[in-house]
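The opening residue of the sequence shown carries number 191 in the numbering used here; numbering runs sequentially from there. All residues carry an ideal CB built from backbone N, CA and C; glycine is no exception.
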Amino acid sequence: MTVTTAAVLVPLLPALAAALIFLTGRRAPGFVQPLAVLPTLAAAGLAVFVAVRQGGEEPLTAAHRLAPTGNDSLPIELALRLDGFAVLVAVLVAVVATCVQLYSTGYLRGDRRYPSYAALVSLFTAAMLLVVYTDDLIVLLVGWEVMGICSYFLVGHYWETGAARAASLKAFLVTKLGDVPFLIGILALASDAGTFRISTIVARLTSSLSSFELSHPTLIALLLLAGVAGKSAQVPLHTWLPDAMAGPTPASALIHAATMVAAGVYFVARLLPVFTASAAALIVLAVLAALTMTGSALAALAQDDIKRILAYSTIGQLGLMTGALAVANREAAVFHLLTHGAFKALLFLAAGVIIHTAGTGSLRALSRLRGLKERAPDAYWTMTIGLLALAAIPPFSGFFSKEAVIGAAEHAALDSGSGSGSAAVAGWIVLAAALLTALLTAAYAARLWLVAFHDPVHARPEPLPAAAVHEDSTPAMTTVLWLLAVPALLLGLTYRALPDWLDGGSLAPTLTTSVLATAAALTGGLIMYAGWRRAYEADAAVDPGPALLGPLFAPAGAGFGLDTAYRTVFVRPTRAAATLVRFLDRTVIDTYVRGAATAPGLLGTLTRRAQTGNVQTYLAALIGGALVLAVAAVLVAAGG
């Protein structure tokens with residue numbers, strides 16, 4: 191099998207699986223699990239094959255013309271580009287999707303909508319793989335939008351609940367708010383470059399032999415960033431992601447670790463020369479990344495639900511990736527994308543086991559449940575690994591990738607001539623925000639671990655009633671946890687080999703930033719531990735967060751009021767306008783419409799009453815009319 195054939199099959203297999211499940215899932219439910227797991231597993235194997243064969247080699251491209259656009263030089267093509275970035279991200283997507291499908295066979299057993307769920311996960315996977323491999327902006331847009339509709343249905347899986355319905359609608363609308371300028375940006379970019387081919391655009395912008403420049407680089411970059419902010423949940427379009435936790439936990443793992451939110455970061459990495467063509471766009475990206483990192487970390491410190499903590503964590507880690515892109519280092523961004531995909535999938539699926547076992551994801555409730563780590567030891571140990579990777583404690587994977595981002599920011603801040611200019615400004619912004627985020631991330635990771643699993647100095651109250659404790663997790667669920675624990679622990683050690691697959695720049699940790707970042711993480715963890723001990727020793731309170739955040743706790747827990755602001759600025763005026771339009775339509779316009787119909791109706795009624803069917807009446811009316819006409823004629827003649 192050729193590499194090109196294998197690459198075509200990688201997104202095609204889960205797409206075909208989705209189609210088969212949609213067609214046969216209700217009539218042959220016994221085939222749903224094999225159709226969900228086996229094609230995705232085969233796609234993962236083929237993705238690994240493509241990565242091994244193509245990694246470190248010259249990029250491989252292939253194209254087939256799909257449709258004309260009216261401009262012969264601007265066709266839409268089913269084009270593949272297999273470079274190191276694409277093949278590595280494809281492996282991440284396929285492996286995580288396989289783990290999610292396998293895990294879901296246990297987590298959603300007995301769910302009557304499992305067939306549609308499995309089909310949507312497969313379609314979601316195929317769409318993301320299409321985004322990863324394609325070299326055509328329009329084909330990328332197709333995969334981009336298919337992911338949006340899949341997320342709508344997956345988040346709303348439990349549509350009986352109002353929270354799931356509202357969350358699915360919010361996710362769809364907020365991401366579409368970014369997709370409109372994103373589409374305009376794609377068309378403007380293709381119009382300027384004269385092609386939809388990503389590799390051609392990048393080559394024209396980076397070649398020393400080409401004099402090509404974009405006509406409006408800042409405008410194009412900002413339009414594209416709007417779509418990226420929506421898909422990758424960056425400020426100010428991030429508010430949909432915490433609410434999206436209303437969906438099934440394994441679907442949350444897929445969205446957060448390998449699809450949807452990763453698409454925006456990957457898109458910027460692929461088209462980074464478009465963004466580096468505008469210094470203003472990079473400054474905007476750096477500021478948004480800094481606000482996203484720090485704001486989401488503070489919000490995570492104030493959440494009670496495990497999944498919402500992890501959701502805000504994802505927003506912050508994506509902010510780190512966009513921070514790396516803001517300092518023009520796509521290698522560090524994709525490195526953190528890879529490690530984050532491994533440990534975030536692990537964290538969500540471990541959280542699913544905890545929720546499955548305890549019947550709740552509330553930290554307040556879990557703190558009253560004695561012996562949780564003994565009841566779910568696999569979830570406890572694997573979540574410990576995932577949280578250490580999230581907190582960037584060496585030698586876990588998150589340390590190496592986060593250090594690559596911080597090192598890239600330091601390089602941009604200090605090695606830009608005199609330390610002035612847009613590159614240095616972006617570097618300083620990202621560096622300061624990343625170090626503060628390292629402290630806050632370790633703090634909320636420690637809070638989750640301590641409150642959910644550990645007794646303080648004195649024993650906890652009695653355990654929750656047995657009725658509150660659900661059945662244990664299945665072997666499929668725990669097996670997936672330990673499979674993901676391996677890359678969460680070891681993937682960071684690939685920092686020596688990855689440059690050969692990427693752009694060749696070093697990803698090795700540097701002494702200064704390693705010490706600073708690790709010290710910040712340890713400080714955050716120790717502060718949280720001290721607060722946790724003090725809170726319990728003082729009054730047996732459950733959560734040290736309020737004492738540590740003080741007056742920030744309430745606004746941070748509410749996402750700093752962004753949802754309220756959006757309701758005030760956008761939602762309420764829109765509803766008021768809709769109410770006004772409805773009033774005008776029903777009361778004013780419909781009145782004229784009904785009036786226009788009423789007059790002919792009355793005339794018809796009068797006419798109908800005259801039609802009695804009595805011949806004598808007709809004759810009398812005829813004679814009477816003739817007499818009237820005769821009299822009128824006589825009068826006219828006499829007057830003449």
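Return no unless some Cβ of chain D is closer than 8 Å to the Cβ of residue i.
i, result
"S306", "The chain inventory of the structure shown lacks chain D, comprising one protein chain alone."
By Cβ distance, which residues of its chain are closer than 7 Å to residue i, with the 5 residues on each side in sequence left out?
i, result
"A152", "Examination of residue 152 is not possible in this model, given that the chain is present from 191 through 830 alone."
"G735", "L491, A492, R637, F743"
"L210", "L225"
"A197", "V240, L270, L272, Y323"
"S696", "P689"
Could you say which of the options lies nearest to residue i if we only look at CA atoms?
i, options, result
"V364", "A423, A317, G694", "A423"
"S341", "Y307, I583, A522", "Y307"
"A641", "G715, A675, R565, W722", "Reading the sequence as shown, one finds Val at residue 641 and not Ala. The residue with the shortest Cα to Cα distance from V641 is W722."
"G749", "G333, L330, T482", "T482"
"R303", "M318, G346, A522, I328", "G346"
"A469", "A447, T429, V517, L203", "V517"
"A746", "G513, G215, D494, P790", "D494"
"I274", "A616, V524, L739, V805", "Inspection of the sequence shows that residue 274 is occupied by Gly rather than by Ile. When only C-alpha atoms are compared, the closest one is V524."
"K563", "A541, A582, L683", "A541"
"A598", "G531, T512, I266, K534", "T512"
"L427", "D753, A786, T795", "D753"
"W571", "T550, R757, L539, R394", "L539"
"A532", "G417, D326, G576", "G576"
"H546", "S663, R558, L625, A501", "S663"
"M191", "G785, T449, S263, G235", "G235"
"T439", "R554, L282, L536, T807", "L536"
"T194", "A253, T214, T230, G215", "A253"
"S591", "L331, R686, A737, G417", "R686"
"Y726", "L701, H644, L697", "H644"
"H530", "V474, A602, A448, R558", "A448"
"P584", "W691, T668, P699", "P699"
"S263", "V311, R387, G245", "R387"
"T385", "A205, P265, L298", "P265"
"D326", "F457, R765, L199, V761", "F457"
"L231", "L298, A218, S312, R216", "S312"
"V615", "A287, S294, A476", "A476"
"D693", "R520, L508, G215", "R520"
"L404", "D605, G617, F589, L377", "L377"
"V336", "G352, A353, A480, D369", "D369"
"L431", "P219, A459, A755, L500", "L500"
Let me know the secondary structure DSSP gives residue i once reduced to three states.
i, result
"A827", "helix"
"H254", "strand"
"S663", "coil"
"I583", "coil"
"T324", "strand"
"R784", "helix"
"E335", "helix"
"R355", "helix"
"E248", "coil"
"A196", "helix"
"L344", "helix"
"E267", "strand"
"L202", "helix"
"L272", "strand"
"M318", "helix"
"G542", "helix"
"W349", "coil"
"L461", "coil"
"G611", "coil"
"A448", "coil"
"H601", "helix"
"A218", "coil"
Just confirm the distance between the C-beta atoms of residue i and residue j, as a whole number of angstroms; I'd bet it's less than 8 Å.
i, j, result
"V543", "L461", "Not confirmed; about 38 Å, so no contact."
"P201", "A316", "5 Å"
Leaving aside the five residues before and after residue i along the sequence, list all residues of the same chain whose C-beta is less than 8 Å from its C-beta, in chain order.
i, result
"T466", "L472, A518"
"F586", "F533, I575, L578, A579, A678, L679, G682"
What I want to know is whether the C-beta of residue i ends up closer than 7 Å to one or more non-hydrogen atoms of the ligand MG.
i, result
"F386", "Ligands are entirely absent from the displayed structure, and the ligand MG is therefore not among its contents."
Got a sec? Which residues, its chain only, sit under 6 Å from residue i by beta carbon, not counting five neighbours each side?
i, result
"A514", "A522, A523, V595, A598"
"H648", "Residue placement at H648 is poorly supported in this model, since its pLDDT is 48, which falls under 50; the coordinates still yield a value, given next. None."
"T668", "D568"
"G454", "V418, K421, S422"
Quiz item: Which ranges would you report for the alpha helix (DSSP H) in the region 361-444 if only whole runs of at least 4 residues count?
Solution: Restricting attention to alpha helix (DSSP H) runs no shorter than 4 residues, the region 361-444 encloses them at 388-396, 407-421, 430-433, ordered along the chain.
Quiz item: Counting only runs that start and end within the region 486-530, where is the alpha helix (DSSP H) found for 4 or more residues in a row?
Solution: 496-516
Quiz item: Taking only runs of the beta strand (DSSP E) that begin and end inside the region 544-591, which ones reach a length of at least 3 residues, in chain order?
Solution: none
Self-check item: Complete alpha helix (DSSP H) runs within the region 733-800 (minimum length 4 residues, chain order)
Solution: 735-739, 743-747, 752-756, 762-773, 780-800
Quiz item: Residue ranges of each alpha helix (DSSP H) run of no fewer than 4 residues wholly in the region 657-722, ordered along the chain?
Solution: If only complete runs of 4 or more residues are kept, the region 657-722 shows the alpha helix (DSSP H) at 665-680, 688-691, in order along the chain.
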